[in-house]
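Going by my numbering, the first residue of the sequence shown is number 48, and it counts up by one from there. Heads up, the beta-carbon is just placed ideally off N, CA and C, and yes, glycines get one too. Because the structure is a prediction, the values reported are computed rather than measured.
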Amino acid sequence: MSLASFLLVFLFCRFFPALADPRATELAVMCSNTTAPVLQRQAFLTNFYDAMEALTDLITSQRYALVVKGTTQNETVYAFGECMKDLSKPDCDVCFAQCKTRVHRCSPFPRGTNGGMFFFDGCYLRYDGYNFFNESLSPRDRTICGTEDFRGNWSVFKANTVELVRNLSIEAPKNEGFSVGYVRRSNVTIYGLAQCWKFVNSSSCQNCLAEAITRIGSCSPKGEVKALNAGCYLRYATHNFYNSSNNNPPQEHRGHNNYAIIVAASSASLAFLLIVATVIFLVWTNLLKRSRERRQVGVLLNTVIKSKLNMPYEILEKATDYFSDSNKVGEGGSGSVFKGVLPDGTTVAVKRLTFNTSQWADHFFNEVNLISGIRHKNLVKLLGCSITGPESLLVYEFVPNHSLYYHLSGRRNSQQLTWEVRHKIIFGTAEGLAYLHEESQRIIHRDIKLGNILVDENFTPKIADFGLARLFPEDKSHLSTAICGTLGYMAPEYVVLGKLTEKADVYSFGVLIMEIISGKKSKSFVQNSYSILHRVWSLYGSNKLCDIVDTMLEGNYPAEEACKLLKIGLLCAQASAELRPAMSVVVKMINNNHEITQPTQPPFLNGSSAESSKSILPGESFQPRSYTQSSEDSMTESLIHHKWVTI
């Protein structure tokens, strides 16, 4: 790393330690031990939803909110939310959005509770069935001690901590309930933050912080402590966690006055100014980008709210019996899926998104914006969504017969997977992908696998889960993007180079063909150091392709057709993306309407079974150990050897 790069990183971390950090880490969820009367619970629930929606609007506009919904006793909901005052507005929005996803833990249904307190590092939310706006203390107040003991001069640490929390408790009541600062003595620096909630007056703020100070002593000798009170929040740590440009430690100056030092200081100052200017430019560019993204999401959400897709949260909650475990039909990286019945009798699948906010926006945008208007017999239909409740929901048509993964796991109902059924699934999936690639908006799915191919009662396949999908512009030859998907199904040029085209889906489909015909998941081969590609290619070379056909078929299949489909699978999974056929051509091949050429060698996979089946989501990276080939056509086994890297 060059000196300039080092200084840039150092200054960025030094002068912008909390920039773009929404501190959206959950600290505590404390539900009330009281319940709304059964006869009034429905009215309370309606007011609860109204209060959550109003909170969101006010937090977005002014960073705090006090809301009262309802006028009748036992039906009225009092709600409050606020962000830490050192957070930027975008980070406030992120933290509060994440906080809202936890509200269901204290939901009036099915738990029956009528109150809850939700503490995050950067924000706070509370609702209850009584007016708590004059409360600064509560029996539910809590202290969270850090996990690591302070290592150093304990007497200095203790003295600095005492001085710091005393200063914070004095300054916060005089400064609209907020104060940050640090105390440094003998090379020991302690940073702290105190905030009283908006409804707490100066006197109650002081009392609340004083009570918090009496409790934090129980955490000795931990280096970090957080006090969570009904009326205030107090935190100290040995690292700078708050966002403030006015609380940096003072610089030390030496009094030497000679020409060399003046020249050096001038040069250093100029370099410093250039670096700071660069940092400011990068930060400003990032903020503009985030602002554009927020506007795009905002436009999408406004469009959804006004469209026929929007469904009331409470209706979907009731439809799933309040997300009862008995109605849970699946769970994946993007969230849990529940079976539900709408008031008109329509059976649906409801997905609860469980991402952080950046992932939520990406996934939600893909599902709603890309596929809401798509209608094809081999694609799962998106029927609606909800963004007005405490969490975001997506509503799909219900596909009753599970996924291919379900049918191939543990050999469940394998007798139902006749040759005709398998052929139907392969052909239908090919038609669905061809439609996505060429007849819709040119969409790349990016996660074609057994678990994302659902089948209905007639074993008609339907491609599901478009959370990783990407729109492929007509004027682009490929997309360069972060690697996401499932190992074992990912094309080599995508894994190694991050080069994404529709041929990545073609590769995944090739693997899928081999799994469906063999009746085995690709990872089962890896346990014996063989990928399914390796096995099929080996049998192809020895003219014994039918040896891999599922023995559960007991020979009841046309051998010539089985070999043809396996050969098509090898064509789809060739190492070179350019040699793979388009999905429309694959459909013709399956229908005997196109010549089937000789496949070239596929890339070989060699790794653990755990690796081969693991999904890569945004925020994770997949890095090969070596890549020395200059051409995709010459990719070999060494290309795909890999390891996990978490960033």
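Asked                                                                                                                      : Found
P508 - partner residues in DSSP beta bridges                                                                               : V502
Buried versus exposed call for A606 [16 or more other C-beta atoms within 10 Å across all chains shown]                    : exposed
Sequence ranges, alpha helix (DSSP H) only - wholly within the stretch 200 to 285, length at least 4                       : 201 to 221, 249 to 263
Under 7 Å between C-beta atoms of L515 and G431                                                                            : no
For T236 and F204, the rounded distance between their alpha carbons                                                        : 8 Å
Cα-Cα separation between T118 and S433, rounded to whole angstroms                                                         : 27 Å
G377 burial status per 10 Å Cβ neighbour count (16 or more: buried)                                                        : buried
Cα-Cα separation between Q145 and A71, rounded to whole angstroms                                                          : 6 Å
Whole-angstrom distance between E122 and G87, CA atom to CA atom                                                           : Reading the sequence as shown, one finds Gln at residue 87 and not Gly. Between Q87 and E122, the C-alpha separation is close to 6 Å.
Chain-order list of residues whose beta-carbon lies under 7 Å from that of K568 (same chain, five-residue window excluded) : L455, L497, E562
DSSP-derived helix/strand/coil call for D372                                                                               : helix
Three-way DSSP call (helix, strand, coil) for N29 in this model                                                            : The structure shown does not extend to residue 29, since the chain is modelled only from 48 to 694, so the question has no answer here.
Contact under 7 Å by Cβ, I191 with K273                                                                                    : yes
Paired residues, beta bridge with L440 - DSSP                                                                              : R399, S433
Proximal residues to D494 (C-beta, below 7 Å), its chain only, five neighbours per side dropped                            : D512, L515, G532, T533
For I421, the three-state DSSP class (helix, strand or coil)                                                               : coil
Between the CA atoms of G239 and V212 - distance to the nearest angstrom                                                   : 7 Å
CB of N276 within 7 Å of CB of D188, strictly                                                                              : yes
Span of the beta strand (DSSP E) around T476                                                                               : Not the beta strand (DSSP E): T476 falls in the alpha helix (DSSP H), residues 466 to 481.
C279 versus M164 - alpha carbon distance                                                                                   : 12 Å
Backbone secondary structure at E73 - three-state DSSP                                                                     : strand
C-alpha gap between L501 and I637, whole angstroms                                                                         : 20 Å
Alpha-carbon spacing of L429 relative to A481, whole angstroms                                                             : 19 Å
With 16 other Cβ atoms within 10 Å as the buried cut-off, status of G228                                                   : buried
At least 3 beta-carbon pairs within less than 8 Å: the stretch 460 to 471 vs the stretch 417 to 424                        : no
G532 (DSSP reduced to helix, strand or coil)                                                                               : strand
Which of helix, strand or coil DSSP assigns to L626                                                                        : helix
Cβ-Cβ separation, V384 to A366 (assumed contact under 8 Å), whole Å                                                        : Incorrect: roughly 13 Å between the Cβ atoms, too far for contact.
Rounded separation between S154 and T93 - CA only                                                                          : 12 Å
Reference E478, options D104, V141, V632, R232, closest by Cα                                                              : V632
Minimum C-alpha distance to R696 - residue among V553, L617, E271, Y360                                                    : Because the chain here runs from 48 to 694, residue 696 falls outside it and cannot be looked at.
Length of the line joining the Cα atoms of F127 and T148                                                                   : 15 Å
Three-way DSSP call (helix, strand, coil) for L451 in this model                                                           : helix
L400 classed as buried or exposed, judged by whether at least 16 other C-beta atoms fall within 10 angstroms               : buried
C-beta contact flag for D503 and V446 at 7 Å                                                                               : yes
Local Cβ density within 10 Å of Q120, reported as buried at 16 or more and exposed below that                              : exposed
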